[in-house]
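> The structure's right below; bear with me while I get my questions together.
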Amino acid sequence: MRIDPSLAETLRLVAEEGTLEAAARLQHMTPSAVSQRLKLLEQQLGQRLLVRAKPVRLTPPGEVVVRFARGQALLEQEARAALGLEAQGEHPRIGIAVNSDSLATWFVPALAMFAREHDAQLELQREDQDETARLLTTGAALAAVTSAPSAPPGYRSLPLGSIVYVAVASPAWRERWAGNTSGPVGPEVLARAPRIDYDASDDLQATWLRRQGVDPALAPRHLVPSTHELADAVVAGLGWGMLLTMQAEPLLASGELIALGGDPVTSALYWQVAKTPSALLEALTDAVLDTARRELEQG
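159 is the number of the first residue of the sequence shown in my numbering; add one for each residue after it.
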């Protein structure tokens, strides 16, 4: 049984808009007509594709169909553009999942490189690098920067390199918690001095603490859910934290931060992208890989 592209497109719009009513307005239909199209698609495929709640939720088979619809929409728009049929201002949409640290540092230059030569609407969805692959599975994105080496079905995975984090603190933090002593900050200080985590699931600082022989559960922590503001909070002395080397190096050189020592913590990143034979996705992939080779640790 083939998947009807027009019916799959209706499911995609419903999933993106969240309600049948919103999708109906986009397709110039009544909500009842949209509902009938979804019912027909489910009958053709013999599987439930949508949970009709508010907002709606895709079932696992529905996620597969939406991924198919996104790929088909991209190919159709590229073909129309090649034939000179593209309406003015109408550009293909590409959903991209990316972690906050990449977005704040090396990833935007990659997008700018791509956008200089290609017309596309880029929809960035910020997510932790351990969770970005989930957005591929649900069909919410066609590509992602992720820490998962294995790609879900329908996607390929390409290594980007690693982002490297170092433990740093402000001189004021050191004076507050370690006094005037010189040398490395010891476990007894780290066990009682505050650190700064991105959010409750951030394990970077905890990983470094364990390497220093400190139970992370013993140490207090602040939560600052922004890459830039977290760095600002470390500089201000709110707590110590793990910063990307590209963030930390100029602050260490200026004396605004001091290194706490210990081994850096690295996180390998991968670019996972749909296997859809799209010239735009290939060009985007080239720009991302080229930038990653320059900005991330290789090997």
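Cβ coordinates follow ideal geometry from the N, Cα and C atoms, glycine included.
With a cut-off of 8 Å, do at least 3 Cβ pairs link the region 314 to 325 to the region 225 to 233?
No, they do not touch.
> Ordered along the chain, which non-local residues of its own chain (more than five positions away) have a Cβ less than 6 Å from that of A351?
So the list reads W335, once near-sequence residues are dropped.
> Could you check whether L401 and A389 sit closer than 7 Å to each other, using their CB atoms as the reference points?
It is a contact, given that the beta carbons lie within the stated cut-off.
> Rounded to whole angstroms, what is the Cα-Cα separation between E414 and V393?
For E414 and V393, the distance between alpha carbons rounds to 6 Å.
> Report buried or exposed for N338, applying the criterion of at least 16 other Cβ atoms within 10 angstroms of its Cβ.
It counts as exposed.
> By Cβ distance, which residues of its chain are closer than 7 Å to E221, with the 5 residues on each side in sequence left out?
Hits under 7 Å: T295, T296, G297.
> If you check the beta carbons only, do E179 and P189 fall under 7 Å apart?
Taking 7 Å as the Cβ cut-off, E179 and P189 qualify as a contacting pair.
> State the beta-bridge partners of Y313 as determined by DSSP.
The partner list for Y313 (beta bridge, DSSP) reads A432.
> Here's a check: name, in chain order, each residue in its chain whose Cβ is nearer than 7 Å to the Cβ of V224, leaving out the five neighbours to either side.
The answer, listed in chain order, is L169, R170, A173, L216, G297.
> With DSSP as the reference, identify every bridge partner of S320, one or two as the case may be.
In the DSSP output, where bridge partners are listed per residue, S320 has A426, E455.
> Mind pulling the beta strand (DSSP E) runs of 3 or more residues that sit fully within the region 331 to 403?
Runs of the beta strand (DSSP E) inside the region 331 to 403: 353 to 355, 379 to 381, 399 to 402.
> Looking at the ligand GTP, does it come within less than 6 Å of Q185, judged from the CB to the closest heavy atom?
This structure lacks the ligand GTP; in fact it carries no ligand of any kind.
> What is the C-beta distance between L300 and L439, in whole angstroms, given that I count them as a contact (C-beta under 8 Å)?
Right, the Cβ-Cβ distance comes to about 7 Å (below 8 Å), so this counts as a contact.
> Starting from R284, follow the beta strand (DSSP E) in both directions and report where the run begins and ends.
That run of the beta strand (DSSP E) goes 279 to 284.
> Can you give me the C-alpha to C-alpha distance between G204 and A358, rounded to a whole angstrom?
Approximately 41 Å between the Cα atoms of the pair.
> For the candidate residues A450, A327, D360, D361, whose alpha-carbon lies nearest to that of S347?
According to the sequence shown, residue 347 is Val rather than Ser. Per the Cα distances, A327.
> State the Cα-Cα distance for the pair W429 and A441, rounded to the nearest angstrom.
Near 13 Å, if we compare the C-alpha coordinates of A441 and W429.
> Under the rule that 16 or more other beta-carbon atoms within 10 Å means buried, what is P329, buried or exposed?
The residue in question, P329, is exposed, as its Cβ has fewer than 16 Cβ neighbours within 10 Å.
> For S425, tell me which candidate among G242, A445, Q405, E455 has the shortest Cα-Cα distance.
Checking every option, the nearest Cα to that of S425 belongs to E455.
> Quick one: measure Cβ to Cβ for R368 and G397, integer angstroms, because I've assumed they're closer than 8 Å.
With 8 Å as the limit, R368 and G397 do not qualify as a contact, their Cβ atoms being about 17 Å apart.
> Are the CB atoms of A437 and A268 within a distance shorter than 7 Å?
Cβ atoms of A268 and A437: not closer than 7 Å.
> Are P342 and G371 touching if we call contact CB-CB under 7 Å?
No, Cβ-Cβ distance for P342 and G371 is not below 7 Å.
> Whose C-alpha, out of G420, H386, L427, V423, is nearest the C-alpha of L409?
Among G420, H386, L427, V423, the Cα nearest to that of L409 is on H386.
> If contacts are defined as beta-carbon pairs under 8 Å, then L140 and E285 qualify, I think. What distance do you get, rounded to the angstrom?
In this structure the chain extends from 159 to 457, so residue 140 is not present and cannot be described.
> Once you ignore the five residues that flank F272 on each side, which residues in its own chain have a CB closer than 7 Å to its CB?
Within the same chain, F272 has close Cβ partners A441, L442, A445.
> Taking the Cβ atom as the reference point for each residue, do A349 and G420 lie within a distance shorter than 7 Å?
Contact flag unset, no.
> Specify, as a first and last residue, the run of the beta strand (DSSP E) that A302 falls within.
Note, A302: beta strand (DSSP E), 301 to 304.
> Please list, in chain order, all residues of the same chain as P213 whose beta carbon is under 8 Å from its beta carbon, the five residues on each side excluded.
Here the set comprises G176, T177.
> Is the CB-CB distance between Q279 and R251 below 7 Å?
Yes, Cβ-Cβ distance for Q279 and R251 is below 7 Å.
> Can you tell me the Cα-Cα spacing of T263 and S384, whole angstroms?
So the alpha carbons of these two residues sit roughly 12 Å apart.
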